[in-house]
Every structure is written in C-alpha cells, then in structure tokens.
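Participant:
Protein chains in written order, with the numbering used here: chain Z, 1 to 115; chain V, 1001 to 1112.
Here you go:
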C-alpha cells in the first residue's frame, strides 16, 4: 500500500517567516508533486520533480521553492510567507513516465495559515 | 498549457438518481483523463481513468465517456448513494504529458 506522508497536518505561521513543508513517500516513486488546494480553484500545481535534484515549475511557482535531495523526500519551501499563501498543500507521487501514465498518490495535506 | 474547465461546481441529487459531471480540455494532444474523488477531510483518490484510444469505460456504478473531437469528457455515477457525496476532480495532462492540470472540482451531495 502506497504511503505518502506529510510532516505537518496543521501549521500557523507569521508573515515573513520561512516555512518548510516536508513530504515522504515509501514506494520508490520517481515523480513527486506539490499542489495547493483552494475552494473554487481546484488543485493547482506549484512544482514537480522527476528525479533527485531535479525540479520543474508548475503553474503557480511564484513565492515557492522546492528541494529534492533524496528520492523519497520532496520539500516545499516558502521563503517569506504571506497571507495569500494560506491554503491546503497536497503532496503527491507517481510511478515514472509522466503524469499521463498513471495514478497520483496524495498525502493527507498540510493546512497552512499565515497570519 | 492545458486548460481544464469543470461543471457544475455543485450538484445535489436524490439517492438512487444519476449524476453527471462534465469537463472540457484545451490541448488536443492530451491522451489520459483521470477522475479523483475527495471525501471530506481526506486525500484525493483516483476512481477511474480513460485513455484516448477508447470512448467509454465502466467500473460498476461509475463510467467515464470521452469525446476527443469535442474535447470533453464526463463522469457518470448511477444509483447514487450517500457515500458518493464528495468533491470530484477531473484532470488532463496536456501534450507534454509531464503534469496534470485539474478542474476546479464538483461538490456532489447525495440526499436521502
């Protein structure tokens, strides 16, 4: 059974703080993704990675960066948190071959509130 | 890039009725169309997907149809039950195939 674990379910941070969201998967998946989910806007892709030390921008990368030092771990970084980054953040992983070849396995989500 | 539009945003049906959710996409090179279900407080999970070489796929009470000419695909749920209440998302990868673009979601409520 695939397991995608996000380190924090709920976080409250202040404007300007640096925020780290961690995601770990245990199925040796090459592909990992970070989405944010907002009511009425669906799931929007922030960044994704197909391999260690590799990253590509998604549709809304501004204000975010990522790190993939190990295959199983994909971190999302908010260098200076702002109130408009208050959201639910979802990590996902999948087998290699691109997004058009199979299932995304999601984590439980991290709900971030920036005050 | 790919643009996916999903309708309706909310849908309320009586138990036992059918529900239909529709999505359109922009990139004619898209060849894979998954549907995800997200129950309240839980993670999205794949429920069915279809590839561009078929026009319809069924799995028990759910089915997906694809019209590549019109660039739209639909999710059909028959004999709806209370446990079908959830948010449903469609998605498409675009010609590059390296990332999924999701629709904005449909909140389905099945009323007793």
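The C-beta atom is built at its ideal place from N, Cα and C for all residues, glycine as well.
As the structure is a prediction and not an experimental result, all values here were calculated from the model.
Using a Cβ distance threshold of 8 Å, determine whether the region 1051-1067 of chain V contacts the region 1007-1016 of chain V, with at least three qualifying pairs required.
Facilitator: Taking 8 Å as the limit for Cβ pairs, the verdict is that the region 1007-1016 of chain V does not touch the region 1051-1067 of chain V.
Participant: Is residue 75 (chain Z) close to the ligand HEM? I mean its beta-carbon at under 6 Å from any heavy atom of the ligand.
Facilitator: No copy of the ligand HEM occurs in the structure displayed, which carries no ligand at all.
Participant: Can you tell me the Cα-Cα spacing of residue 109 (chain Z) and residue 1089 (chain V), whole angstroms?
Facilitator: Computed Cα separation, rounded: 16 Å.
Participant: Contact between the region 32-44 of chain Z and the region 86-96 of chain Z is defined here as three or more beta-carbon pairs at a separation below 8 Å; is this criterion met?
Facilitator: The region 32-44 of chain Z is in contact with the region 86-96 of chain Z.
Participant: The beta strand (DSSP E) that contains residue 38 (chain Z), what's its start and end?
Facilitator: Taken as a continuous stretch (DSSP letters only), the beta strand (DSSP E) holding residue 38 (chain Z) covers 31-38.
Participant: Taking the continuous beta strand (DSSP E) assigned at residue 1073 (chain V), which residues delimit it?
Facilitator: Unbroken beta strand (DSSP E) run through residue 1073 (chain V): 1072-1077.
Participant: Is there a C-beta anywhere in chain Z that falls below 7 Å from the one on residue 1099 (chain V)?
Facilitator: It does: the Cβ of residue 1099 (chain V) has a partner Cβ on chain Z nearer than 7 Å.
Participant: Within the 7 Å Cβ cut-off, does residue 42 (chain Z) reach chain V?
Facilitator: Taking Cβ atoms only, chain V reaches closer than 7 Å to residue 42 (chain Z), which makes this a yes.
Participant: May I ask you to report which of helix, strand or coil DSSP gives residue 83 (chain Z)?
Facilitator: In the structure shown, residue 83 (chain Z) sits in a helix (DSSP, three-state: H, G or I).
Participant: Could you tell me the alpha carbon to alpha carbon distance between residue 1075 (chain V) and residue 14 (chain Z), rounded to whole angstroms?
Facilitator: In a straight line, the C-alpha of residue 1075 (chain V) is about 41 Å away from that of residue 14 (chain Z).
Participant: Out of Z:9, Z:29 and Z:41, state which residue places its alpha-carbon closest to the alpha-carbon of residue 73 (chain Z).
Facilitator: The candidate whose alpha carbon is nearest that of residue 73 (chain Z) is Z:29.
Participant: Just to confirm the assignment: which complete beta strand (DSSP E) runs, minimum length 3, are found wholly within the region 38-76 of chain Z?
Facilitator: The region 38-76 of chain Z contains these whole beta strand (DSSP E) runs: 42-49 and 65-70.
Participant: To the nearest angstrom, report how far apart residue 19 (chain Z) and residue 42 (chain Z) are at their CA atoms.
Facilitator: About 23 Å.
Participant: Would you say residue 1025 (chain V) and residue 1093 (chain V) are within 7 Å of each other, going by their C-beta atoms?
Facilitator: Not in contact: residue 1025 (chain V) and residue 1093 (chain V) (Cβ atoms no closer than 7 Å).
Participant: Nearest to residue 105 (chain Z) by CA position, among V:1072, V:1084, V:1034 and V:1058, is which residue?
Facilitator: If we check each option's Cα against that of residue 105 (chain Z), V:1034 comes out closest.
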